[in-house]
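Written below as structure tokens is the structure these notes are about.
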Amino acid sequence: MPFKLYNSLSRTEEAFAPSDGDTVRMYSCGPTVYNYVHIGNLRTFAFQDVLRRHVRHSGWRLRHVMNITDVEDKIIAAASAAGVPIGEYTAQYVEAFFEDCAHLRLERPEVVPAATDHIPQMIGLVQRIAKAGHAYEVDGSTYFRISGLPSYGKLSRLDSRSVLVGARVDSDEYGKDDARDFVLWKASRKGEPSWHSPFGPGRPGWHLECSAMAMEYLGETFDIHTGGVDLQFPHHENEIAQSESATGKPFARFWVHAEHLLVDGKKMSKSEGNFYTLRDLLDRGHSPDAIRYLLVATPYRKQLNFTFDGLRAAASSIERLRNFARRLEDGYRLPDGEYASAAAARAREQFRDSLDDDLNTAGALGAVFEYVRAANSAMDSGTFGPGNASEGLALLGEFDRIFDVMRPPSAARVARGEVERLVEERAAARRGRNFALADRIRDGLAARGVILRDGPSGTQWHYSE
RNA sequence: GGCGCGGUAGCCAAGUGGUAAGGCAGAGGUCUGCAAAACCUUUAUUCGUGGGUUCGAUUCCCACCCGCGCCUCCA
0 MPFKLYNSLS RTEEAFAPSD GDTVRMYSCG PTVYNYVHIG NLRTFAFQDV LRRHVRHSGW
60 RLRHVMNITD VEDKIIAAAS AAGVPIGEYT AQYVEAFFED CAHLRLERPE VVPAATDHIP
120 QMIGLVQRIA KAGHAYEVDG STYFRISGLP SYGKLSRLDS RSVLVGARVD SDEYGKDDAR
180 DFVLWKASRK GEPSWHSPFG PGRPGWHLEC SAMAMEYLGE TFDIHTGGVD LQFPHHENEI
240 AQSESATGKP FARFWVHAEH LLVDGKKMSK SEGNFYTLRD LLDRGHSPDA IRYLLVATPY
300 RKQLNFTFDG LRAAASSIER LRNFARRLED GYRLPDGEYA SAAAARAREQ FRDSLDDDLN
360 TAGALGAVFE YVRAANSAMD SGTFGPGNAS EGLALLGEFD RIFDVMRPPS AARVARGEVE
420 RLVEERAAAR RGRNFALADR IRDGLAARGV ILRDGPSGTQ WHYSE
């Protein structure tokens, strides 16, 4: 089955392959580093991670660029309030962002450029846009003229009248010719960071940076551009306008947008009290695995309703899979031989087909769990041998290359030797039918993150995380 | 008002023109000293509402209702 991706540009699912047949060139709008990212941001980044992984496991190479927006109005305001230079202010949040990504096992894109390191490229792009006749200057700021671009709006399909009517146009701010026009190069005010340019001192407009960095690392036309749905307009529309008017070529072939995460059915907001960063959730004792699972289990084009019940359910689901993996790996005696079964192969096929179907992660999970039940059942009835176990482990391996939730996070643990000693002590107690002592030992270990399980071949144990 | 996404069991959620995957939670059972894990049974005659097309619709068409989002910085 070919990989099908929903392309916002055509509003249909299209078969995807990189234009050069080998390397997928992909750009993602990254964080604006004026604060910690919230779980809504992370939903989008987690989706991008799944896309990344699926692309590579489909046999293509990948060159993925994700920008860091480190100069922008909110940053300037926040740094100014904190009384530090913006570079110093943003550095802490860049670091925090990478920490958060690491917790969620989000693979690092091949290139993570910062906007402030690419000012010359941005200036060059403005010059090209100006040369093509799509820019004009007012009071030291340079704007993009939308009226000169008939194709404007092809991504968002907002009709221009509604943009005018619905928008609270910031006409007070600058003297734009047309309310829809957007700034390419912003004249800096006193005290604001500023770079020299042929159009006067200033700083890049927000939309400009993505166009410039995408072209710098991926070329004038590339395969996939991702971001949250809210970015579709105006950000992505404006990226297209700038880029295509400068190059005369299509910018991104596929535009892929992740739906938003809601909390308790509502948009996250600080005033609603339902606004969470990753750190908030970790501080409450939730596991990063469960958070990753939850973020990724709902297909990206569907709004994801985040709840703490859902988070607990995600943790239980992971536990089921880990228990199954343990059962395959060790501990439970399997009868000799292996049994003819197409279940694992079928599950792998369904798993891949689901992901090929516009990253249907829910369907992919269904395939895995269906297999888990069948395999557990076969083990109980003695029709599952070591050969079948290796098939099952291969399936789990494939699953985990995408979902990456099977390895528990490393944590402080009771030393193995001590566990072994206590397990032996408890076994002796049980032999002496001193169940009170046996239960005390088991409960004590459980409280310290070690789970005991009595089976036909003795007591098995494992760390709970 | 315009443009989108969605409304499937208590919760999350897949899916198809032919009669509802999967996960979590709940109930009963098997196993166990008791547990845990696992398994079995059970939980939607029904897929927002009303029409229509069809032999047959949750799935296609129309209308409507509801939730969320974008149209202004925003993942």
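So the first sequence is numbered by the working numbering: it starts at 0 and just counts up by one. A virtual CB, placed ideally from N, CA and C, is assigned to each residue, including glycine.
Roughly how many angstroms separate the alpha carbons of residue i and residue j, rounded to a whole number?
{"i": "residue 70", "j": "residue 120", "result": "15 Å"}
{"i": "residue 55", "j": "residue 285", "result": "30 Å"}
{"i": "residue 150", "j": "residue 122", "result": "24 Å"}
{"i": "residue 95", "j": "residue 35", "result": "7 Å"}
{"i": "residue 10", "j": "residue 50", "result": "18 Å"}
{"i": "residue 456", "j": "residue 333", "result": "11 Å"}
{"i": "residue 22", "j": "residue 63", "result": "10 Å"}
{"i": "residue 259", "j": "residue 191", "result": "33 Å"}
{"i": "residue 399", "j": "residue 245", "result": "42 Å"}
{"i": "residue 197", "j": "residue 222", "result": "32 Å"}
{"i": "residue 441", "j": "residue 359", "result": "41 Å"}
{"i": "residue 126", "j": "residue 251", "result": "21 Å"}
{"i": "residue 432", "j": "residue 424", "result": "12 Å"}
{"i": "residue 6", "j": "residue 270", "result": "34 Å"}
{"i": "residue 238", "j": "residue 73", "result": "20 Å"}
{"i": "residue 370", "j": "residue 225", "result": "32 Å"}
{"i": "residue 471", "j": "residue 428", "result": "A query on residue 471 cannot be resolved here, the shown segment of the chain reaching from 0 to 464 and no further."}
{"i": "residue 312", "j": "residue 306", "result": "10 Å"}
{"i": "residue 407", "j": "residue 437", "result": "27 Å"}
{"i": "residue 1", "j": "residue 448", "result": "44 Å"}
{"i": "residue 261", "j": "residue 281", "result": "19 Å"}
{"i": "residue 321", "j": "residue 52", "result": "21 Å"}
{"i": "residue 229", "j": "residue 274", "result": "17 Å"}
{"i": "residue 434", "j": "residue 319", "result": "28 Å"}
{"i": "residue 272", "j": "residue 201", "result": "37 Å"}
{"i": "residue 91", "j": "residue 97", "result": "10 Å"}
Taking DSSP's pairing of strands, which residues face residue i in a bridge?
{"i": "residue 458", "result": "453"}
{"i": "residue 202", "result": "185"}
{"i": "residue 60", "result": "22"}
{"i": "residue 37", "result": "276"}
{"i": "residue 356", "result": "3"}
{"i": "residue 297", "result": "Paired residue(s): none; residue 297 is not in a bridge."}
{"i": "residue 27", "result": "65 and 225"}
{"i": "residue 261", "result": "266 and 304"}
{"i": "residue 110", "result": "64"}
{"i": "residue 256", "result": "226"}
Kindly indicate the opening and closing residues of the beta strand (DSSP E) around residue i.
{"i": "residue 140", "result": "140-143"}
{"i": "residue 136", "result": "134-137"}
Report, in whole angstroms, the separation of the C-beta atoms of residue i and residue j, which I expect to be a contact under 8 Å.
{"i": "residue 106", "j": "residue 48", "result": "6 Å"}
{"i": "residue 310", "j": "residue 154", "result": "Rounded, the Cβ-Cβ distance is 34 Å, inconsistent with contact."}
{"i": "residue 340", "j": "residue 387", "result": "6 Å"}
{"i": "residue 422", "j": "residue 458", "result": "5 Å"}
{"i": "residue 99", "j": "residue 277", "result": "5 Å"}
{"i": "residue 101", "j": "residue 291", "result": "11 Å between Cβ atoms; not a contact."}
{"i": "residue 186", "j": "residue 140", "result": "5 Å"}
{"i": "residue 361", "j": "residue 297", "result": "6 Å"}
{"i": "residue 175", "j": "residue 137", "result": "7 Å"}
Return the first residue and the last residue of the alpha helix (DSSP H) that residue i is part of.
{"i": "residue 365", "result": "360-379"}
{"i": "residue 227", "result": "It is not in any alpha helix (DSSP H) - residue 227 instead sits in the beta strand (DSSP E) that spans 221-227."}
{"i": "residue 429", "result": "415-430"}
{"i": "residue 2", "result": "Neither: residue 2 is in no alpha helix (DSSP H) and is coded neither H nor E."}
{"i": "residue 89", "result": "85-102"}
{"i": "residue 32", "result": "Premise fails: residue 32 is in no alpha helix (DSSP H) and is neither H nor E."}
{"i": "residue 11", "result": "Here residue 11 belongs to no alpha helix (DSSP H); instead the beta strand (DSSP E) covers 11-14."}
{"i": "residue 337", "result": "That residue, residue 337, is in no alpha helix (DSSP H); it is neither H nor E in DSSP."}
{"i": "residue 127", "result": "118-130"}
{"i": "residue 439", "result": "434-446"}
{"i": "residue 247", "result": "Residue 247 -> no alpha helix (DSSP H), and no H or E assigned at all."}
{"i": "residue 153", "result": "Here residue 153 belongs to no alpha helix (DSSP H), and DSSP marks it neither H nor E."}
{"i": "residue 390", "result": "385-402"}
{"i": "residue 76", "result": "72-81"}
Do residue i and the ligand ADP come close, with the Cβ less than 7 Å from some heavy atom?
{"i": "residue 103", "result": "Absence of the ligand ADP is noted for the structure shown, with no ligands found whatsoever."}
The stretch 230-240 contacting the stretch 11-24, beta-carbon criterion three pairs below 8 Å: no
Contact the stretch 252-260 vs the stretch 273-289: 3+ CB pairs below 8 Å: no
Inter-stretch contact (C-beta, 8 Å, three-pair minimum) for the stretch 402-418 and the stretch 67-81: no
contact_flag[the stretch 341-354, the stretch 390-404] where n(CB pairs < 8 Å) is 3 or more: yes
Sufficient close CB pairs (3 or more, under 8 Å) joining the stretch 212-229 to the stretch 73-82: no
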